[in-house]
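In my numbering, the protein residues as written are 26 to 180.
A short write-up of the structure that comes next.
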C-alpha cells in the first residue's frame with residue numbers, strides 16, 4: 026500500500042508541476058516594436074542623415090521596426106513616422122534629385138521594403154503609402170537608387 030501511495034503521490038506531484046509549467050511554456054511573448062522605433066518622425070529623419078551608411082535608431086535597423094509581432098497601435102506609430110519623414114524628404118528630393126534628401130528617401134524606401142520582405146503582414150500598406158509620397162521624386166536618380174540599395178542591403 027505504501028508503494029502504491031508513493032507512486033500515486035509522485036504522479037500527482039508531477040502532474041501538478043507540469044500543470045504549473047504549461048502556462049509559462051504556452052504563453053507566447055510578444056516582443057513588439059523596439060522602443061527606439063517609437064521615437065517619432067524627428068528621430069527617423071535624424072537617423073537617415075547617415076544614409077547611405079549605417080542608419081540606426083539607437084542601434085536598431087529601420088526594417089526591425091516592422092516586426093509582425095507588434096500590435097496595430099505600435100505599427101501605426103511607426104508607419105506615421107515613416108510616412109511623415111518620407112513626405113518631408115520628398116519635397117526637397119523633388120527639387121534636388123541628386124541631393125542628400127533623395128538618398129535618405131531612397132534608404133527609407135529600401136529599408137521598409139526589406140522589413141516587409143522579412144516580416145510581411147500589414148506592412149505592405151506602409152510600402153504603398155511611401156510609394157505615394159515618392160510620386161513627385163525622380164526614383165531613377167543616382168542618389169535615390171544609391172539610398173534604396175543601401176536600405177535594401179542593411180536597413
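Ideal Cβ positions, reconstructed from N, Cα and C, are used throughout, including at glycine.
Bear in mind the structure is a predicted one, so any value in this text is a computation, not a measurement.
Based on DSSP bridge pairs, tell me the residues matched to residue i.
{"i": "residue 85", "result": "82"}
Roughly how far, in whole angstroms, is the beta-carbon of residue i from the beta-carbon of residue j, given that I think they are within contact range, below 8 Å?
{"i": "residue 166", "j": "residue 127", "result": "6 Å"}
{"i": "residue 163", "j": "residue 169", "result": "7 Å"}
{"i": "residue 152", "j": "residue 99", "result": "Residue 152 to residue 99, Cβ: 18 Å. No contact."}
Under DSSP, the alpha helix (DSSP H) around residue i begins and ends at which residues?
{"i": "residue 167", "result": "167-179"}
{"i": "residue 148", "result": "Unbroken run through residue 148: none, as it is neither H nor E."}
{"i": "residue 101", "result": "97-120"}
{"i": "residue 72", "result": "66-73"}
Can you check whether the CB of residue j is closer than 7 Å to the CB of residue i?
{"i": "residue 77", "j": "residue 172", "result": "yes"}
{"i": "residue 108", "j": "residue 90", "result": "no"}
{"i": "residue 155", "j": "residue 137", "result": "yes"}
{"i": "residue 176", "j": "residue 140", "result": "no"}
{"i": "residue 157", "j": "residue 73", "result": "no"}
{"i": "residue 87", "j": "residue 111", "result": "no"}
Pairs of beta-carbons, one from the region 115-123 and one from the region 83-101, closer than 8 Å: are there three or more? no
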